[in-house]
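There are 2 protein chains.
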Amino acid sequence: MLPLSTKPFLLKHFNPASKIPKYLQIREAVRGLIEKGIVLEQETIPPERDLAEWFGVSRMTVRQAVDELVREGLLEKRLGDGTFVKDQKLSGRMHGAGSFSDEIALSGKRTHSKMLGQVVTRPTEQIAKKLEIEEGETSVIRIERIRYVNEYPISHQISYLPFNLCYPILSADLNVSSLYHHLAQSAGMVMKAGKETIQAIVADDVNAELLQIPVGQPCFLLCRTMYAEQVNRPVEYVETMIRGDKFMFVNQIDGKGIE
Amino acid sequence: MLPLSTKPFLLKHFNPASKIPKYLQIREAVRGLIEKGIVLEQETIPPERDLAEWFGVSRMTVRQAVDELVREGLLEKRLGDGTFVKDQKLSGRMHGAGSFSDEIALSGKRTHSKMLGQVVTRPTEQIAKKLEIEEGETSVIRIERIRYVNEYPISHQISYLPFNLCYPILSADLNVSSLYHHLAQSAGMVMKAGKETIQAIVADDVNAELLQIPVGQPCFLLCRTMYAEQVNRPVEYVETMIRGDKFMFVNQIDGKGIE
DNA sequence: AAGTGGTCTAGACCACCCA
DNA sequence: GGGTGGTCTAGACCACTTC
């Protein structure tokens with residue numbers, strides 16, 4: 001039997017006269033049920049028919065609310081059984097072979113970084129999604145740097161890391177040593193795998209000034225999400241703008257798979 | 001007005017008597033509309049009320065189907081306006097140890113090539129060097145093509161092949177089938193390995209016209225040298241200009257080699 | 001004004017799970 | 001068998017965009 005407190009709690013967060021759509025109010029009310037611990041992990045929320053009756057709405061409206069929480073990964077429906085609160089764990093299997101990085105092909109050159117800013121902030125919706133952070137759940141560390149090769153700027157990089165996983169790096173001096181190195185040393189995070197996309201874009205005015213190039217000059221935009229060994233979720237999302245006039249990617253093609 | 005072909009196409013992929021839920025059939029039918037290029041990017045799919053009438057289902061059922069495609073990022077709804085096919089960047093893998101390519105990850109898209117020219121000519125010094133041809137020793141085949149995805153041009157490609165190794169392909173129709181396929185069939189050349197570089201540049205006037213983009217738009221320039229199993233020298237050098245607004249590279253990062 | 005997607009109803013029957 | 005979620009109907013009114 002469900003605790004008696006669920007129904008009063010839900011109704012307290014619902015106002016049918018409000019301009020806010022009912023399904024959104026219901027979604028947030030049910031979310032509160034979980035966040036406040038009124039319904040614990042592995043337990044069920046009330047049946048859809050009960051919710052519909054309590055709120056005085058149709059079952060379809062309840063489903064619209066609950067299904068969104070299911071898609072967010074907060075709830076799990078089991079056919080014929082009920083709707084359960086999930087353990088807070090997100091899946092993220094990584095596979096595929098191959099490696100690569102933006103630091104390759106710079107061998108023999110002198111490199112350094114300049115820190116532009118390192119702040120703890122609230123993630124935007126996009127960043128929260130990339131890091132698989134529940135919206136508003138927590139803070140992220142935002143690190144903005146310029147990387148130099150032989151004294152000229154080569155890339156502008158903005159990294160985002162979940163605060164609660166990576167806060168020890170806040171004490172690091174990233175001017176002289178690498179982010180990944182410090183993540184391993186101070187936060188115990190060793191990067192394991194990830195995914196990146198590479199796009200061709202032109203420099204906007206901000207990047208043009210930072211990279212000392214004209215606006216409109218071609219650049220690479222590299223967006224990478226990295227996973228650490230220790231945790232089953234992303235620990236870094238980084239966007240890197242790289243000068244197209246000073247950098248190229250090199251790829252060795254090997255054997256099979258060629259039509 | 002929508003092409004007449006949408007309705008017949010959709011109904012062909014729908015069977016109300018099937019045990020498969022209607023909304024799933026509708027979802028896949030609409031997906032087919034996009035993948036087959038019957039509805040192109042930036043265009044709208046038919047209104048929900050039309051779809052409901054055509055399929056003989058209620059509008060809620062149509063919405064259940066369409067909303068899933070919206071969540072997948074394939075469609076975008078604009079209130080009061082319509083449901084639009086999103087402008088998606090195509091992607092190509094970039095395995096460090098394996099295939100590459102601009103031809104993968106185009107699954108479900110209609111692709112074809114247009115031959116601009118196929119001539120036997122004397123190699124320039126640069127091309128001769130790439131193909132490891134003694135200067136003036138022999139001739140090369142120069143093949144220039146535009147590649148299309150869903151009717152819009154995606155890349156402009158110029159391939160160079162040593163004449164004495166590859167002349168059988170001169171009889172091939174490269175409009176319909178791949179260069180590598182024909183090299184294998186008619187010249188007995190199977191591509192084995194190679195090396196490619198990827199640069200970010202902007203379109204010049206020639207490429208802008210061929211790719212139907214403005215001059216100055218960002219592009220990738222991919223330069224690749226390929227070796228065949230049978231011979232110990234390059235058999236193809238190809239330069240490919242790829243539209244940056246329609247294409248991105250995707251790379252899976254795996255384990256080691258991370259600084 | 002006409003057409004679009006957004007929200008919502010009050011039911012219905014089904015397949016599935018558990019006691 | 002009784003309760004659960006899965007699918008589906010045939011409407012309705014609203015808010016928004018476009019013309």
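As you go down the protein sequences, you meet chains A and B in turn.
Numbered according to the UniProt record's numbering, the first sequence terminates at residue 259, and the numbering increases by one at each position without gaps.
Numbered according to the UniProt record's numbering, the second sequence terminates at residue 259, and the numbering increases by one at each position without gaps.
Ideal placement from N, C-alpha and C gives every residue a C-beta, glycine not left out.
Check	Outcome
Does chain A have any CB closer than 8 Å to the CB of residue 219(B)?	yes
Where DSSP assigns a beta bridge to residue 75(B), which residues make up the other side?	85(B)
Tell me which same chain residues have a C-beta within less than 6 Å of the C-beta of residue 95(B), skipping the five on either side of it?	Only weak support exists for where residue 95(B) lies, its pLDDT of 49 falling under 50; the coordinates are left without a value.
For residue 197(A), which residues of its own chain have a beta-carbon under 6 Å away from its beta-carbon, when the five flanking residues on both sides are left out?	223
Taking the beta carbon of residue 246(B) as the centre, do at least 16 other beta carbons fall within 10 Å, making it buried, or is it exposed?	buried
Please state if the CB of residue 116(A) and the CB of residue 153(A) are separated by a distance shorter than 8 Å.	no
Mapping DSSP to helix, strand and coil, what is residue 122(A)?	coil
So residue 208(A) is in the alpha helix (DSSP H); what residue range does that whole segment cover?	205 to 211
Residues of chain B with CB under 8 Å from residue 197(A), in chain order?	91, 248, 249, 250 and 251
Sort out for me which residues DSSP pairs residue 199(A) with in a bridge.	221(A)
Where does residue 15(B) sit, in a helix, a strand or coil, going by DSSP?	coil
Helix, strand or coil: which one does DSSP assign to residue 97(B)?	Caution is warranted here: a pLDDT of 34 is assigned to residue 97(B), below 50, making its placement in the model unreliable, and no coordinate value can be reported.
Is there a Cβ of chain A sitting closer than 8 Å to that of residue 202(B), yes or no?	yes
Using a 10 Å radius around the Cβ and a threshold of 16 neighbouring Cβ atoms, would you call residue 60(B) buried or exposed?	exposed
Which of the three DSSP states is assigned to residue 187(A) in this structure?	coil
If you compare alpha carbons, which of 205(B), 179(B), 204(B) and 156(B) is closest to residue 235(B)?	179(B)
Just tell me which of 229(B), 52(B) and 188(B) has its CA closest to the CA of residue 62(B).	52(B)
Which residues share a DSSP beta bridge with residue 114(B)?	146(B)
By the DSSP assignment, the alpha helix (DSSP H) with residue 243(A) in it spans what residues?	Careful: residue 243(A) lies outside any alpha helix (DSSP H), inside the beta strand (DSSP E) at 234 to 243.
Please check the pair residue 41(B) and residue 87(B), which I expect to be a contact at CB under 8 Å, by giving their CB distance rounded to whole angstroms.	5 Å
Pull up the DSSP beta-bridge partners for residue 194(A), would you.	226(A) and 253(B)
Taking the continuous alpha helix (DSSP H) assigned at residue 20(B), which residues delimit it?	It is not in any alpha helix (DSSP H) - residue 20(B) carries neither H nor E in the DSSP assignment.
Measuring alpha carbon to alpha carbon, tell me which of 68(B), 5(B), 181(B) and 249(B) ends up nearest residue 201(A).	249(B)
For a cutoff of 8 Å on Cβ pairs, would you count residue 80(B) as touching chain A?	no
What separation, rounded to the nearest whole angstrom, lies between the Cα atoms of residue 72(A) and residue 28(A)?	12 Å
Quick check on the burial criterion: 16 or more other C-beta atoms within 10 angstroms. Buried or exposed for residue 6(B)?	buried
Who pairs with residue 140(B) in a beta bridge, going by DSSP?	121(B) and 162(B)
Between residue 158(B) and the rest of its own chain, which residues show a CB-CB distance below 6 Å, the 5 nearest in sequence each way excluded?	144 and 239
On the three-state DSSP scale, how would you describe residue 248(A)?	coil
Please classify residue 150(B) as buried or exposed, where buried requires at least 16 other C-beta atoms within 10 Å of its C-beta.	buried
With DSSP collapsed to three states, give me the class of residue 46(B).	coil
Quick one: Cα of residue 16(B) to Cα of residue 48(B), how far?	18 Å
Do the CB positions of residue 237(B) and residue 130(B) come within less than 8 Å of each other?	yes
So that I know if they touch, is there some Cβ in chain A lying closer than 8 Å to that of residue 65(B)?	no
Counting contacts by CB-CB distance shorter than 8 Å, is residue 193(A) in contact with chain B?	yes
At a CB-CB cut-off below 8 Å, which residues of chain A make contact with residue 216(B)?	202 and 216
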